[in-house]
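Enquirer:
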Amino acid sequence: MHKTAFRRARLICKSPCSWDVKNRTWQLTDILRPAIVTLDWQRGGKTLFKSVNYAGYIGVLTAIKPVSI
Numbered sequence: 001m002h003k004t005a006f007r008r009a010r011l012i013c014k015s016p017c018s019w020d021v022k023n024r025t026w027q028l029t030d031i032l033r034p035a036i037v038t039l040d041w042q043r044g045g046k047t048l049f050k051s052v053n054y055a056g057y058i059g060v061l062t063a064i065k066p067v068s069i
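Under the UniProt record's numbering, the final residue of the sequence shown carries the number 69; numbering is consecutive throughout.
#1: From I31 to S18, what distance separates their C-alpha atoms?
#2: Spatial neighbours of L48 within its chain, please: CB distance less than 6 Å, with the 5 preceding and 5 following residues excluded, ordered by chain position.
#3: What did DSSP end up calling P39 once you bin it into helix, strand or coil?
#4: Quick one, are the C-beta atoms of V37 and A63 less than 8 Å apart?
#5: Within 8 Å (strictly less), CB to CB, does K50 reach chain C?
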């Protein structure tokens, strides 16, 4: 294996995106968890939709509409 490719492979394995074999989790999950917020999208004081986003993220990928009783 070429030395540059070997160094690059070592960097990838130590990145925060790597898999934690001991805990069976992604390491990036623990890093991003504090940045997660739950949003209530409201109009006139009434919740229309709810979503879970990263703080500072503009837009919504997925949202739910609360069930009316």
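Every residue, glycine too, gets a C-beta built ideally from N, C-alpha and C. Just so it is clear, the structure is predicted and the values come from calculations on it, not from any experiment.
Expert: For this structure:
#1: Taking the straight line joining both Cα atoms gives about 12 Å.
#2: W41
#3: Reading off the sequence, residue 39 comes out as Leu, not Pro. L39: strand per DSSP, three-state reduction.
#4: no
#5: Annotation note: the requested chain C is absent from the structure, which comprises a single protein chain.
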